[in-house]
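A.B. asks:
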Amino acid sequence: VVNDSLVMLDAIDQRVREGTPVRDAIIDGAKGRFRPIMLTSVTTFLGFTPLILETAIQAQYLRPFAAALGFGIMITTAILMVLIPALYSMRLGLFGAADQTPAQAAATHT
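If you're matching positions, the sequence shown starts at 540 in my numbering and goes up one per residue.
1) Quick check for students: name the residue ranges of the alpha helix (DSSP H) that lie wholly in the stretch 590 to 617, counting only runs of 4 or more.
2) Measuring CA to CA, which of Ile565, Arg572, Arg554 is closest to Asn542?
3) How many Å lie between Asp609 and Arg562 at the Cα?
4) If we count the other Cβ atoms within 10 Å of its Cβ and call it buried at 16 or more, is Tyr600 buried or exposed?
5) Can you tell me which of Leu578, Phe587, Ile576, Ile614 puts its alpha carbon nearest to the alpha carbon of Pro603?
6) Quick check: the Cα distance between Pro560 and Val621, rounded to an integer number of angstroms?
7) I need the boundaries of the alpha helix (DSSP H) containing Ile555, first residue and last residue.
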C-alpha cells in the first residue's frame with residue numbers, strides 16, 4: 540500500500556512539473572494510476588483467497604491472518620485512492636487555486 544501511494548504521488552508530481560494546472564494534475568495522476576494500483580491490490584487479495592477459503596483443520600490458525608491481510612489491503616487501497624489526492628491538494632493549498640499553474644499556486648500560497 541505504501542508503494543501504491545508513492546506511485547500515485549510520483550504521477551501527480553510529474554504532471555505538476557510538466558506545468559499542468561494543479562487540479563488537473565491531481566485528477567489525471569489519480570486516474571492514470573487507478574488501474575495499476577487496483578490490479579496490484581486485487582491480485583494480492585486473490586492470492587490470499589485459497590487460504591481464506593481453506594477448510595482443513597491445519598489452516599484454521601492461518602485463516603484469520605489471511606483474511607486480515609487480504610481485506611486490509613483492499614480497504615486501505617480504497618482509502619488510499621481518495622485520501623492521497625485529497626491530502627495532496629490540501630498540501631498545495633488548492634482551496635481557490637484549482638486552475639492555476641504550479642508557479643502561480645506557489646506564488647499565491649507562500
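Using N, Cα and C, we set each Cβ at its ideal position, and we do this for glycine too.
C.D. replies: Once the coordinates are examined:
1) Fully contained in the stretch 590 to 617 is no alpha helix (DSSP H) run of length 4 or more.
2) In the sequence shown, the residue the question calls residue 542 occupies position 3. The shortest Cα separation from Asn542 among Ile565, Arg572, Arg554 belongs to Arg572.
3) Mapped onto the sequence shown, residue 609 falls at position 70. Mapped onto the sequence shown, residue 562 falls at position 23. For clarity, residue 609 is Gly in the given sequence; the question names Asp instead. Straight-line measurement puts the Cα of Arg562 at about 33 Å from the Cα of Gly609.
4) In the sequence shown, residue 600 corresponds to position 61, counting from 1. Per the 10 Å Cβ criterion, exposed.
5) The residue labelled residue 603 in the question sits at position 64 within the sequence shown. In terms of CA proximity to Pro603, Phe587 leads the group Leu578, Phe587, Ile576, Ile614.
6) Stepping through the sequence shown from its first residue, residue 560 is reached at position 21. Stepping through the sequence shown from its first residue, residue 621 is reached at position 82. So the alpha carbons of these two residues sit roughly 19 Å apart.
7) Mapped onto the sequence shown, residue 555 falls at position 16. The identity of residue 555 in the sequence shown is Val, whereas the question assumes Ile. 541 to 556 is the extent of the alpha helix (DSSP H) around Val555.
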